[in-house]
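Enquirer:
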Amino acid sequence: MKFKKLVFLAFNVIMLSLLLNSCASTPHHLKYLPYSTPSQNLNYASKGSLYVPDSPMANLYSDQRAFAVGDLVHILVSESVNAVESISNQTQRSSTFNDAISSFFGLPSSTLRNLGVGANSNAQQKAQGTESQSGVFTTTITAYVKRVYPNGNLLIEGHKIIYLNNVERVITLRGIVRPQDIDNTDTVPSQDIANLEILYQGHGYLVNGSQPGWLARFLAKILPF
1331 MKFKKLVFLA
1341 FNVIMLSLLL
1351 NSCASTPHHL
1361 KYLPYSTPSQ
1371 NLNYASKGSL
1381 YVPDSPMANL
1391 YSDQRAFAVG
1401 DLVHILVSES
1411 VNAVESISNQ
1421 TQRSSTFNDA
1431 ISSFFGLPSS
1441 TLRNLGVGAN
1451 SNAQQKAQGT
1461 ESQSGVFTTT
1471 ITAYVKRVYP
1481 NGNLLIEGHK
1491 IIYLNNVERV
1501 ITLRGIVRPQ
1511 DIDNTDTVPS
1521 QDIANLEILY
1531 QGHGYLVNGS
1541 QPGWLARFLA
1551 KILPF
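Each residue of the sequence shown is one higher than the one before, starting from 1331 at the first, in my numbering.
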C-alpha cells in the first residue's frame, strides 16, 4: 500500500515538473507597438496647381531637410549611463540604571543596605551599501516626423524590430528635435533630441537564460534575510 502511494506521488512530481518545464520553454513573442500615423494632415496641391504648402520645394531658399510631417530622419543613438550610489548609516545607543532597595516585605534597612538594582544596555547598528550601474547603447534608427510644432520643432518617432538567432529585439524611440540640428543628410545625433525616450526590450532563449527562474524570484521576495 505504501509502495503504491510512493509511486503515485513520484508520478505526480514528474508530471508537474514536465508541465512547468513546458511552460517555461514555450516560445514568447513580443507584442509590438502598433505603427502610429502622423498626427497632422498632409497638404496636397490644389487642383490645377503644382504648389504644395509645406513641401520641400515650397521655400526655394531653404535646404531640403526633413521638416514636414511624414519626412524621414536618421538618428545616431549613442547613449551611456554611469551611476554610483553609496549609503552609510550608523546608530548607537547606551543607557545605565542604578537604584537601591529601601523596603522589601518589612525587612530591616540594615539587611537591605547592600541590596540594589542595576541595569546596563548598549545597542549599536551599522549599515553600508554601494550600488553601481553602467551601460552603453549605440545604434542607428530611422524615424519619421509625426508632428510639427508652431515654433518649428519636430516630434519624431520610430522603431526597429530585429529577430536574430531566436532572439527578438525591439527598439522604440521618440523625442523632439530642432530643424537646425538636422544636417543636410537628414541625420541628427541623439544628444540633440529633447525629451528623448528610448525603449529597448527583447525576448528569447538568450534573454531568458540570463534571468533567474520563477522559484528563485519567489524566494528572493519572501526570504527575510
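Even for Gly, the Cβ is constructed at its ideal location relative to N, Cα and C.
Keep in mind it's a predicted model, so treat the numbers as computed, not measured.
1. Report back the beta-carbon spacing between V1403 and R1477 to the nearest angstrom; my notes put them in contact at under 8 Å.
2. Would you give the residue range spanned by the beta strand (DSSP E) that Y1479 belongs to?
3. At the level of alpha carbons, what is the spacing between I1506 and N1452?
4. Give me whichever residues DSSP pairs with N1450 in a beta bridge.
5. Specify, as a first and last residue, the run of the beta strand (DSSP E) that G1488 falls within.
6. One question on the structure: do T1502 and L1484 come within less than 8 Å of each other, judged by their Cβ atoms?
7. Specify, as a first and last residue, the run of the beta strand (DSSP E) that R1499 falls within.
8. State yes or no: is the C-beta of V1407 within less than 8 Å of the C-beta of T1468?
9. Can you have a look at G1488 and say buried or exposed, based on whether 16 or more other CB atoms are within 10 angstroms of its CB?
Expert: By the coordinates alone:
1. 13 Å between Cβ atoms; not a contact.
2. Unbroken run through Y1479: none, as it is neither H nor E.
3. 59 Å
4. T1426
5. 1484-1494
6. no
7. 1497-1507
8. yes
9. buried
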